[in-house]
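*Asks:* Position one of the sequence shown corresponds to residue 14 (the working numbering), numbered consecutively onward.
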Amino acid sequence: MAYRKLGRTNKHRRSMLATLTKQLIENEKIVTTETRAKEVRKSLDKMITYGKKGTLVSRRLALAFLHNDEACVNKVFNELVPRYKDRNGGYTRIIKLTERKGDSALTVILELV
């Protein structure tokens, strides 16, 4: 599976993606760069898939990825999964904004559908 390194070491990249995923679950909308949003989309899809399985193993895998944040995992399993029970993927929407002034990175809004 190909993935973007995002100019980070492995630990830093995993931590950053987990944090962005937690923020997206909590707020249901975040503003970030396009490449980060595309990577966060993958991890959020994985969390919702874990929630759809609903087993103890999938709950523990979600907890491990989200740094043992039980509030986020409970929101995924109790609120987001019923919302997306009839949907097979495509849980997020990317809306393009402008380029950032400092480094000309394209910023986007990543939100839950």
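Glycine included, each C-beta is placed from N, C-alpha and C at the ideal position.
Mind the definition here: the region 80-88 touches the region 100-109 only if three or more C-beta pairs lie below 8 angstroms; say whether that holds.
*Replies:* The region 80-88, when compared against the region 100-109, does not touch it at the 8 angstroms Cβ threshold.
*Asks:* Just list the alpha helix (DSSP H) runs in the region 16-42, keeping only unbroken ones of 4 residues or longer that don't cross its boundaries, in chain order.
*Replies:* If we require 4 residues or more, the alpha helix (DSSP H) runs fully inside the region 16-42 come out as 23-40.
*Asks:* Can you tell me whether Arg21 is buried or exposed? The criterion is at least 16 other CB atoms within 10 Å of its CB, across all chains shown.
*Replies:* Burial call: exposed.
*Asks:* Just to confirm before moving on: does the CB-CB distance between Glu41 and Arg17 stay below 8 angstroms?
*Replies:* In this structure, Arg17 does not lie closer than 8 angstroms to Glu41 by Cβ.
*Asks:* Rank Leu79, Asn91, Lys65 by C-alpha distance to the C-alpha of Lys98 and give the top, closest one.
*Replies:* Closest option to Lys98, Cα to Cα, is Lys65.
*Asks:* Quick one: give me the first and last residue of the beta strand (DSSP E) that Glu112 is part of.
*Replies:* Note, Glu112: beta strand (DSSP E), 105-112.
*Asks:* In chain order, what residues of the same chain lie with their CB nearer than 6 angstroms to the CB of Ser71, ignoring the 5 residues before and after it?
*Replies:* Excluding residues within five positions, the ones whose Cβ falls inside 6 angstroms are Tyr63.
*Asks:* Thinking C-beta only, is Glu47 closer than 8 angstroms to Leu125?
*Replies:* Against a cut-off of 8 angstroms, the Cβ pair of Glu47 and Leu125 comes out as no contact.
*Asks:* Let's test the definition: count the other Cβ atoms within 10 Å of the Cβ of Val121 and tell me whether it reaches 16, buried, or not, exposed.
*Replies:* Buried, because 16 or more other Cβ atoms sit within 10 Å of the Cβ of Val121.
*Asks:* For Arg96, does the count of other Cβ atoms within 10 angstroms reach 16, so buried, or fall short, so exposed?
*Replies:* By the 10 Å Cβ count, Arg96 comes out exposed.
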